[in-house]
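Counting the sequence shown from 1 gives a position; this note's numbering is that position plus 65.
Heads up, the beta-carbon is just placed ideally off N, CA and C, and yes, glycines get one too.
None of the values given here were measured: they were computed from a predicted structure.
Reviewing the structure listed below.
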Amino acid sequence: GLLLAHSGQNDHETDFNKAFAMMKIFTLLALLLSIGETAFSVPEIWAEPVPYFEVERSFIAPVTAKGSGHRGLDFVVEDDQSVLAPVGGVVTFEGIVVDRSVVTFRTNAGLLVSFEQVCSLVSPGQQITGSKPVGTRCTTHDSFSEHCQKCVHLSVRSEFGYLNPELFLGTLEPSVLKL
């Protein structure tokens, strides 16, 4: 015969322990799914920084953190044309960086959005809403050399580095393999 050892627990205690263990597993699984849902959510589509803008120079990711690349996109804007916040946030910086005027704000999602060659209409600490003017295209220093005539540079940064702004503007085309 087969001898079974008895653990001292009755069948009701064993069923309860199994149910409790299963409840812990399902709770942990639900928690992990909810974390993954927020960490990898699809970005919202932002408004255009100027109506009917055309990208003059696209984002080119650098191979290394300090390597060469183009960490944003350039779009053509007429002198003194308003540049609009593509999304709401709080202004974190407005001023001159080297030889160019810069406006930066932090979105509610924590991203830093910067415009270069924009004379600011906003101040640090100011709450801004999407589609409202943050400044106008301008050149503030004679020493500034444009790599794109009449362009404004838009960059987006996360805690992990620069991101392609076209991901948020809805203008990025999907990759297509050619046969």
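Classify Phe233 as helix, strand or coil using the three-state DSSP reduction. In the structure shown, Phe233 sits in a helix (DSSP, three-state: H, G or I).
Can you tell me whether DSSP reads Cys213 as helix, strand or coil? coil
From the DSSP output, in three-state form, read off Gly132 for me. Reduced to three states, the DSSP call for Gly132 is coil.
Identify the residues that DSSP records as bridge partners of Gly226: which are they? For Gly226, the beta-bridge partners assigned by DSSP are Ser223.
DSSP on Leu177, reduced to helix/strand/coil? strand
Taking its Cβ as the centre, do 16 or more other Cβ atoms sit within 10 Å of Lys243, making it buried, or is it exposed? exposed
Any idea which residues DSSP pairs Gln192 with across the strands? When DSSP reads this structure, Gln192 sits in a beta bridge with Val155.
Got a sec, what are the start and stop residues for the beta strand (DSSP E) Cys203 sits in? Note, Cys203: premise wrong, no beta strand (DSSP E); not H, not E.
Reducing DSSP to helix, strand and coil, say where Ser123 ends up. coil
For Ser196, collect the residues of the same chain with a Cβ closer than 6 angstroms to its Cβ; drop the 5 residues on either side in sequence, then sort them by chain order. Ala112, Leu149
Going by DSSP, what residue range makes up the beta strand (DSSP E) through Leu149? 147 to 149
So, is Thr172 buried or exposed, given that buried needs 16 or more other C-beta atoms within 10 angstroms? That one is buried.
Local conformation of Leu96 per DSSP, three classes: Annotation note: pLDDT 47 at Leu96 (below 50); position unreliable, no value reported.
May I have the straight-line CA-CA distance separating Phe233 from Thr194, to the nearest angstrom? 16 angstroms
Reduced DSSP secondary structure (H/G/I, E/B, other) of Ile161: strand
Give me the Cα-Cα distance between Leu138 and Arg122, rounded to the nearest whole angstrom. 6 angstroms
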